[in-house]
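Residue numbers (full-length UniProt numbering): 1 to 267.
Just so you know, even glycine gets a beta-carbon here, dropped at the ideal spot from N, CA and C.
Computed from a predicted structure; not experimentally measured.
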């Protein structure tokens, strides 16, 4: 009898270990599959990460991107609109089924710009960021579901599998914003080259070159901005084509909290 119990315990232990390994392998395979199917995706809106997947005791099955009211929300890939309606929890929400079998959710929108059965293209604006439904502030709640969305959200996947690792407080950009920032940097670089090319220097005149450098350095004055009501680090950074991280570094700030009347250095 004792031998039987030992054999039974060993068998159950082996079965449990096998199940854990099997399920772990399936989960890893699904994550790899989704990462491959979404490798060309970009963030659905510009903003700052305010909450991550599986927080709130595991009930938060998406990722939150905080931004400005009516910030554009883009579809991450082509597909068809499965639902576009108002819900007490999601507020204005859009569900999109993609050709790769994944379904995405865009919630708390201030405005929906697509309707059910619409065909959408990657990068198309499908709504405007808001704070409708069960929301504590202006943000986009974004979800990814393998195959389909369900009430229990059993198919929910961490968006970081598709979009990359992020942390709360980090700024993210859509493809459109990345292109805009790149173009702005290239434009500044080109203007700098043109200034050098058009310097009024006599050939070999090093003294004139030195004076021009001093003049250029003096003209590059630092900007001191006084924070106004409703300003955020994100809105200031976007306006001046800099990152939130740069603003915080230049001003020795540890958090994103700013106060009306506070002076902010913008280099």
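- C-alpha of residue 50 to C-alpha of residue 129: approximately 14 Å in a straight line.
- Positions of the alpha helix (DSSP H) runs, each at least 4 residues long and wholly inside the stretch 32–87, are given as 55–58 in order along the chain.
- Around the CB of residue 117, fewer than 16 other CB atoms lie within 10 Å, so the residue is classed as exposed.
- With respect to the 8 Å criterion, residue 108 and residue 60 are not classified as neighbours on the basis of their beta carbons.
- As summarised for the stretch 111–172, the continuous alpha helix (DSSP H) elements at least 4 residues long and confined to that stretch are 160–163, given in chain order.
- The C-beta separation of residue 244 from residue 233 comes to about 5 Å, placing the pair in contact by the 8 Å criterion.
- Here residue 73 is buried: its Cβ has 16 or more other Cβ atoms, across all protein chains shown, within 10 Å.
- Considered as a whole, the UniProt domain "LysM" (223–266) harbours 233–239 and 244–250 as its complete alpha helix (DSSP H) runs of no fewer than 4 residues, in chain order.
- CA-CA distance, residue 119 to residue 78, rounds to 8 Å.
- Contact between residue 147 and residue 101 is confirmed by a C-beta separation of about 6 Å, below the 8 Å threshold.
- As the crow flies, the alpha-carbon of residue 265 is around 30 Å from that of residue 131.
- Here residue 80 has 96, 97, 117, 118, 119 and 120 as same chain residues with Cβ atoms under 8 Å from its own Cβ, once five neighbours each way along the sequence are excluded.
- Taking 8 Å as the upper bound for CB-CB distance, residue 125 and residue 106 are not in contact here, some 11 Å apart.
- In chain order, 110, 111, 128, 129 and 130 place their CB closer than 8 Å to the CB of residue 70, counting only its own chain and leaving out the 5 sequence neighbours on each side.
- With a threshold of 16 other beta carbon atoms within 10 Å, residue 45 meets it and is buried.
- Cβ contact annotation for residue 134 (same chain, cutoff 6 Å, sequence separation greater than five): 89, in chain order.
- For residue 92, the beta-bridge partners assigned by DSSP are 86 and 109.
- Just measuring C-alpha positions, the residue of 149, 256, 250 and 82 sitting nearest residue 171 is 256.
- The beta-bridge partner set that DSSP reports for residue 104 consists of 96 and 144.
- For residue 35 and residue 160, the gap between their C-alpha atoms comes out near 9 Å.
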